[in-house]
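Reading through the structure tokens given below for one structure.
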Amino acid sequence: MHQTGDAELRSRLGQLEAKALYRRRRIQEAPQQPHAVVEGRPMLSFCSNDYLGLANHPEVVAALREGAQRWGVGSGSAHLVNGHSRAHHALEEALAELTGRPRALLFSTGYMANLGVITALAGRGDTLFEDRLNHASLLDGALLSRATLKRYPHGDCAALERLIGSASPRLIVTDGVFSMDGDLAPLPRLAALAQRAGAWLMVDDAHGMGVLGRGGRGCVDHFGLDAAEVPILMGTLGKAFGTFGAFVAGSEALIETLIQGARSYVYTTATPPALAEATLKALEIAERDDWRRERLHALIARFRHGAAELGLTLADSRTPIQPLLAGSASRALAWSQALESAGILVGAIRPPTVPEGTARLRLTLSAAHCESDIDRLLDALGRLPMQQD
Ligand SMILES: *Cc1c(COP(=O)(O)O)cnc(C)c1O
161 MHQTGDAELR
171 SRLGQLEAKA
181 LYRRRRIQEA
191 PQQPHAVVEG
201 RPMLSFCSND
211 YLGLANHPEV
221 VAALREGAQR
231 WGVGSGSAHL
241 VNGHSRAHHA
251 LEEALAELTG
261 RPRALLFSTG
271 YMANLGVITA
281 LAGRGDTLFE
291 DRLNHASLLD
301 GALLSRATLK
311 RYPHGDCAAL
321 ERLIGSASPR
331 LIVTDGVFSM
341 DGDLAPLPRL
351 AALAQRAGAW
361 LMVDDAHGMG
371 VLGRGGRGCV
381 DHFGLDAAEV
391 PILMGTLGKA
401 FGTFGAFVAG
411 SEALIETLIQ
421 GARSYVYTTA
431 TPPALAEATL
441 KALEIAERDD
451 WRRERLHALI
461 ARFRHGAAEL
471 GLTLADSRTP
481 IQPLLAGSAS
491 RALAWSQALE
501 SAGILVGAIR
511 PPTVPEGTAR
521 LRLTLSAAHC
531 ESDIDRLLDA
541 LGRLPMQQD
């Protein structure tokens, strides 16, 4: 029986390989930073979401170490049992303050936050609307909720309005910055639409937090919107903030509802308190060091200018996510392999992460890069065979 099962799995894996869709992990041998060491080899990396260069910041590392000295390692249990420490609580207060909302709630990961919020707020008989390019965790949350999920064409508010018609949607959910494209959701128009339709608007700002807005308050702040316009704000801590975990910020009633009923909150062990101490330090640095955002945006401009000079087709992105469309999965893979032989690490993003025919290199920039890193990337990109297929 087992033999047969394995044979079937091997055949499925073989099909992935044949379609250039097989994924492999590379083993990192140094902390997250542009100058990485991968399987013994120094590489210049453009695939980390450590946008502000905080993942290996000495003050954040020290806060984690001191946190472990004070709290030990494990939290021991779920938040509702006895795993909710003073450190977690202080971090929630800092996140509420940062996002200008009454409350914030920590989740172990962004994936779990999205599952938790959507399943706590929507159920059988409800309808929810999502951008077609939303992150997988938002789509999975909708499926798990058993609500009716309708996906609207990417960023298309007119299509969304038609799709809503006379329905009374429960939730409209969007990425703030789209994770594979780097573009921004049309939040002001979505907020107006949600208000007219009487729906909650939920924004997943995994890639805007720390990067956009005043003091890195994210895409909602970037657009000048408030908590009434975007009542549910989700952010992650493992990207620009350089640590791990996620949060949801919103009203008192929203957060209490999640504490009572978000299953991915209730039924899991709290993250280590020392991690909360490290994240508190990372938030402080992210807010304080405007120069990191300024530097990041200068590097993005440098990259886009250089890429345009090379005649590369750039996406409409002003964020650190700069995709380079390849089309087929095999082309994306060939490009990333060519860059890898030049000592440059980039992600080849293929279906089902992105729609069929839109495989791409997903280049990400960080404030920890220097100008010569960008120039080295541009030089290597200039040597790729660029014709589309
Ligand atoms: C990374 C990401 C998540 C998941 O967050 P994790 O903390 O890594 O689980 C959710 N939404 C978006 C848009 C993301 O990019």
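For our numbering, count along the sequence shown from 1 and bump the result up by 160. Think of the CB as a built atom: it goes at the ideal place given N, C-alpha and C, for glycine as much as any other residue.
Pair within 8 Å by beta-carbon distance, residue i and residue j
i	j	result
residue 426	residue 394	no
residue 378	residue 479	no
residue 243	residue 429	yes
residue 270	residue 526	no
residue 359	residue 331	yes
residue 241	residue 434	no
residue 489	residue 519	yes
residue 265	residue 390	no
residue 452	residue 481	no
residue 236	residue 424	no
residue 228	residue 443	no
residue 410	residue 365	no
residue 274	residue 298	yes
Contact set for residue i: own chain, Cβ-Cβ below 7 Å, skip 5 residues either direction
i	result
residue 305	278, 279, 282, 283
Which of helix, strand or coil DSSP assigns to residue i
i	result
residue 267	strand
residue 239	helix
residue 280	helix
residue 187	coil
residue 227	helix
residue 195	strand
residue 301	helix
residue 201	strand
residue 306	coil
residue 381	helix
residue 550	Residue 550 cannot be examined here, being either before or after the span of the chain that is shown, 161 to 549.
residue 288	strand
residue 272	helix
residue 361	strand
residue 397	coil
residue 403	coil
Boundaries (first-last residue) of the beta strand (DSSP E) holding residue i
i	result
residue 374	From DSSP, residue 374 is part of no beta strand (DSSP E); its letter is neither H nor E.
residue 110	Outside the shown range of the chain, which is 161 to 549, sits residue 110, and nothing can be said about it.
residue 482	481-487
residue 334	331-335
Residues near residue i by beta carbon distance below 6 Å, same chain, minus five either side
i	result
residue 287	308, 327, 329
residue 477	342, 343
residue 219	441
residue 247	433, 436, 437
Cβ separation of residue i and residue j, assumed to be a contact under 8 Å, to the nearest whole Å
i	j	result
residue 385	residue 418	With a Cβ gap of about 21 Å, residue 385 and residue 418 do not count as contacting.
residue 502	residue 540	5 Å
residue 472	residue 484	6 Å
residue 205	residue 505	4 Å
Other residues of its chain near residue i: CB distance less than 8 Å, five sequence neighbours each side excluded
i	result
residue 215	191, 192, 193, 208, 402, 403
residue 187	198, 199
residue 398	209, 269, 270, 404, 405, 406
residue 549	Residue placement at residue 549 is poorly supported in this model, since its pLDDT is 49, which falls under 50; the coordinates are not used for a value here.
residue 252	263, 264, 265, 266, 407
residue 181	489, 510, 511
Residue interval of the alpha helix (DSSP H) (run including residue i)
i	result
residue 542	531-542
residue 421	412-421
residue 293	Element bounds for residue 293: n/a, residue is neither H nor E.
residue 322	317-324
residue 524	Element bounds for residue 524: not the alpha helix (DSSP H) but the beta strand (DSSP E), 519-524.
residue 250	246-259
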